[in-house]
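Engineer: Dropping the structure in here first, questions after.
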Amino acid sequence: MAKKEDISFFLKMGIKIMVAVFLLGVFFGVNTDVYADETEVASEEVLEKNDEGCYELEDIIEVAAAERVVYNEAKTSSYDEAKIQAIVDAIESFETSVNVYDYKITTSEYKEIYALAKKRAFLAANASGINNYSYMGYNYSGGYIYNINFQLGYSKEECIQRYNAMDAKVNEIISKIPKNFTDEEKVLFVHDYIVYECEYDFVNYENNTIPDDSYSAYGCLVLNTCVCQGYSDAYEIILSRLGIESEEVPSASLGHVWNLVNLDGEWYHVDVTWDDTAMGHRGASSGDDMLGLCNHNNFLVNDAGIKEAGHNSWDDSSQTSSSSKYMDLGLSNVVSRAYYINNKWYYIYNYSTTQYLNQKLCSGDVFNPTATSTPLVSTSDKYDFSLGYYDGRFYYFSYFNGNIQSVKVDGSDYKNNIASDIGISEDVVELAVRDDGLMEYVLYTSGRTSYQLPKTSITLNAPVAYATSKGSQSATLTWQPVEGATSYQLYKYFASTDTIVESKVVTETSYTFYGLSKGKTYRYIVQAICDNGKSDNVSGDYAVSVMVGKTLDNNICPTASYTYDTNCMILSWDAKENVNRYYVYKYYMSSKKLVYSKTVKTNQVKFFSAVPGKSYRYLITDKELTDLTNYNGKDTICVNIPELK
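Here it is in structure tokens:
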């Protein structure tokens, strides 16, 4: 497998090369305040850009290696928390100057305190603009540093925007992780997500013109292109948010950086970058990134395993890795992104010791694939490559003949080649499917293009409707919008005869009925309609009642959503002013019982293990109910989860 020698931009403070620390580009300049016996200390060497406006490999690697030594020493020391936090606050606020004299930070302890602060403020450091290096120095008086000046790569407002963009992306990725995942599954999910969605900045690497953002998590998460430093920074940031300990490992000899991850007290190497390398097959340049590629040769391996994969040396690390737990179970033979759908893992598994000769789409335990992998399609060829998923179907191509294949999650409706259906007349050599259904692919001669996959099975939840009396002879029916709906069918429901009658089709999410009788109760049902389906909620159980001339006390009206991948149903509602907790009850139609479920402090509640094809009823209040007996189900909302088609 071709390996990418890339820049190990650890973005840290240097020792031999005294540059501003990783990622932030910080220097300590002359302060205008006057202190007795003021002394200025500045670095003797300055990290400069080359003729192309980029930093030189040798300088940057030396900085990364030097900073690793400082950080590892700092981890074994004990410092006043207030000293560290003062610098963290300044970094996270994107301040250009901060006075720290009151914290009595000595010149001898400063470097280690600074290294600890930057690691804690890692996301903000990445957002600040990393390659605006000048020199590092400081002014001190009486042995104490009194002021720190920061040089940012962007204005404070721009730094905040960059931070928010990165933070939003981190939260988005985490929101996709099932809540019941173990730490090892989370580590795998994040690894595969980054490898699949980010592309190595190979052209700029080859031309020695790597832009600043490609060295940062910003490049990885927001721009979707970076080199190894961006991969490893992004991986560490997300794992930290998940509460999983990790650290970066630089190698000056390789010009590279990767991660160590702690699982159950054991450290394992993870190289996200090298698991995103292309393999020199037809249509791909040697060492280039390849759409949809996701290897696991460098995932959860020990020191010996990472050396075998080509990492022959690395610089100072405070950890050693000896466990072969995951190496012994065949994880390296998983040669695609692994998907977790309906409580099962799916991936392409290589059954052969020879690359590409027997690769098949399988289901099984991704952490024990050798013993559990079962082919999903018996008629598929043996050259499956670059797995993608969208709307209940897998997509991948054949390394042997360039066909795009597709199959449903349950293994049915296998299609040997859908290329002709979308106007492709030549071999596909790369393929990736994004979360929104955009299929990107590379053709053997024509290059890169894309195609928007159609959504074949729209999941429509029943609209959660409520009604209020608008006047003495009218009532307004309002409901939450449903994703994918093009219009809504309204029905009148007559409880005495259990009769449902079609009324109106509307495109808005509110409708007012006129000519009604004051004091009389009317019942309505709302059904969502899309281009190829309707929500399955046309029954009296879904009817909402309104008495004309009286406003119903139904002011907490949640909207419901359901995610098939995680079996998670979410109820959310508009927060009420001065309400700090909500009480959630489940209602059982068969027994006519209302049962307390949980109390939440936010305007959202999640239920896992919900079953497609079943209906659930809930009542949400801002006051605790003292009597749950003889409740008739009024004001409960019904959520029906359709079967996945």
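All residue numbers for the sequence shown refer to our numbering, where the first residue is 21 and numbers rise by one.
From the three backbone atoms N, C-alpha and C, an ideal C-beta is built for every residue, glycine too.
Remember, predicted model here, so these are calculated numbers, not experimental data.
Mapping the DSSP letters down to three states, classify Arg357 as helix, strand or coil.
Structural biologist: It is coil, neither helix nor strand.
Engineer: Who are Tyr369's beta bridge partners in DSSP?
Structural biologist: Per DSSP, Val354 and Lys380.
Engineer: Check each candidate in Gln105, Glu87, Cys74 and Ser470 and name the one with the smallest Cα separation from Ser271.
Structural biologist: Comparing Cα-Cα distances from Ser271 to each of Gln105, Glu87, Cys74 and Ser470, the minimum goes to Glu87.
Engineer: Ends of the beta strand (DSSP E) at Leu497?
Structural biologist: Ser494 to Trp499 is the extent of the beta strand (DSSP E) around Leu497.
Engineer: Taking the alpha-carbon positions, what's the Gly285 to Gly275 distance?
Structural biologist: Taking the straight line from one Cα to the other gives about 29 Å.
Engineer: Could you say if the segment 599-613 and the segment 626-644 meet the contact criterion of at least three C-beta pairs nearer than 8 Å?
Structural biologist: Yes, since at least three Cβ pairs between the segment 599-613 and the segment 626-644 fall closer than 8 Å, the two stretches touch.
Engineer: Give every residue of the same chain whose Cβ lies closer than 6 Å to the Cβ of Thr541, excluding the five residues on either side of it in the sequence, and list them in chain order.
Structural biologist: Within the same chain, Thr541 has close Cβ partners Ser565 and Met567.
Engineer: Return yes when at least one heavy atom of the ligand ADP lies under 7 Å from the C-beta of Leu313, else no.
Structural biologist: Among the ligands in the structure shown, none appear at all, so the ligand ADP cannot be discussed.
Engineer: With a CB to CB cut of under 8 Å and the five nearest residues on each side skipped, what residues in its chain are close to Cys588?
Structural biologist: Counting only Cβ-Cβ distances below 8 Å, and skipping sequence neighbours, we find Pro198, Lys199, Tyr582, Lys626, Phe627, Phe628 and Ala630.
Engineer: So is Arg468 buried or exposed if we call it buried at 16+ other beta carbons inside 10 Å?
Structural biologist: So Arg468 ends up on the exposed side.
Engineer: Whose CA, out of Val659, Met186 and Ala452, lies closest to the CA of Ser426?
Structural biologist: Checked all of Val659, Met186 and Ala452; the closest Cα to Ser426 is Ala452.
Engineer: Could you work out which residue in Val290, Asn191, Leu283 and Lys618 is closest to Leu241 when comparing CA atoms only?
Structural biologist: The candidate whose alpha carbon is nearest that of Leu241 is Asn191.
Engineer: Would you report the Cα separation of Tyr607 and Tyr638, rounded to the nearest angstrom?
Structural biologist: If you take the alpha carbons of Tyr607 and Tyr638, they lie about 6 Å apart.
Engineer: Please return the same chain residues whose Cβ sits closer than 8 Å to the Cβ of Asn650, not counting the five positions on each side in sequence.
Structural biologist: Around Asn650: no qualifying Cβ.
Engineer: Buried or exposed: which applies to Met609, given that a residue is buried once 16 or more other Cβ atoms fall within 10 Å of its Cβ?
Structural biologist: So Met609 ends up on the exposed side.
Engineer: By how many angstroms is the C-alpha of Gly408 removed from the C-alpha of Tyr366?
Structural biologist: So the two alpha carbons sit approximately 10 Å from each other.
Engineer: Within this structure, are the beta carbons of Met347 and Val386 separated by less than 8 Å?
Structural biologist: No. Outside cutoff.
Engineer: Output the distance between the C-alpha atoms of Asn146 and Val120, rounded to the nearest integer angstrom.
Structural biologist: Their Cα atoms are separated by approximately 23 Å.
Engineer: Quick one: grab the DSSP three-state call for Asp433.
Structural biologist: Here Asp433 sits in coil by DSSP.
Engineer: What number of angstroms, rounded off, separates the C-alpha of Glu265 from the C-alpha of Ser344?
Structural biologist: Their Cα atoms are separated by approximately 19 Å.
Engineer: Determine the closest residue to Val89 out of Ile657, Leu497, Glu132 and Thr245, with distance taken between C-alpha atoms.
Structural biologist: Comparing Cα-Cα distances from Val89 to each of Ile657, Leu497, Glu132 and Thr245, the minimum goes to Glu132.
Engineer: Checking the sheet assignment: what are the DSSP bridge partners for Asn113?
Structural biologist: One point to set straight first is that residue 113 is Ser, not Asn, in the sequence displayed. DSSP lists no partner for Ser113.
Engineer: To the nearest angstrom, report how far apart Val54 and Asn159 are at their CA atoms.
Structural biologist: With a pLDDT of 47 at Val54, under the threshold of 50, the modelled position of that residue is not reliable, and the figure given next carries that caveat. Approximately 10 Å between the Cα atoms of the pair.
Engineer: Along the chain, where does the beta strand (DSSP E) containing His276 start, and where does it finish?
Structural biologist: Its beta strand (DSSP E) spans residues His276 to Leu283.
Engineer: Let me check understanding here. Comparing Cα to Cα, which of Asn227, Lys613 and Gly535 lies closest to Gln493?
Structural biologist: The shortest Cα separation from Gln493 among Asn227, Lys613 and Gly535 belongs to Gly535.
Engineer: Assuming contact is defined by CB atoms lying nearer than 8 Å, are Leu259 and Val281 in contact in what I supplied?
Structural biologist: In contact: Leu259 and Val281 (Cβ atoms closer than 8 Å).
Engineer: Excluding sequence positions up to five away, which residues of its chain have a Cβ less than 6 Å from the Cβ of Gly325?
Structural biologist: Answer for Gly325: Met347, listed in chain order.
Engineer: Please return the same chain residues whose Cβ sits closer than 7 Å to the Cβ of Thr465, not counting the five positions on each side in sequence.
Structural biologist: Once the five neighbours on either side are set aside, the close Cβ partners of Thr465 are Glu446.
Engineer: So, helix, strand or coil for Trp334, using DSSP?
Structural biologist: Three-state result, Trp334: coil.
Engineer: With a 10 Å radius around its C-beta and 16 neighbouring C-beta atoms as the bar for buried, classify Ala188 as buried or exposed.
Structural biologist: Ala188 should be labelled exposed.
Engineer: Could you pull out every residue in the same chain whose Cβ sits closer than 8 Å to the Cβ of Gly382, ignoring the five residues on either side in sequence?
Structural biologist: According to the sequence as given, residue 382 is Cys; it is not Gly. Closer than 8 Å at Cβ, skipping near neighbours: Tyr366, Tyr367, Ile368, Tyr369, Pro389, Ser393, Thr394, Pro395 and Leu396.
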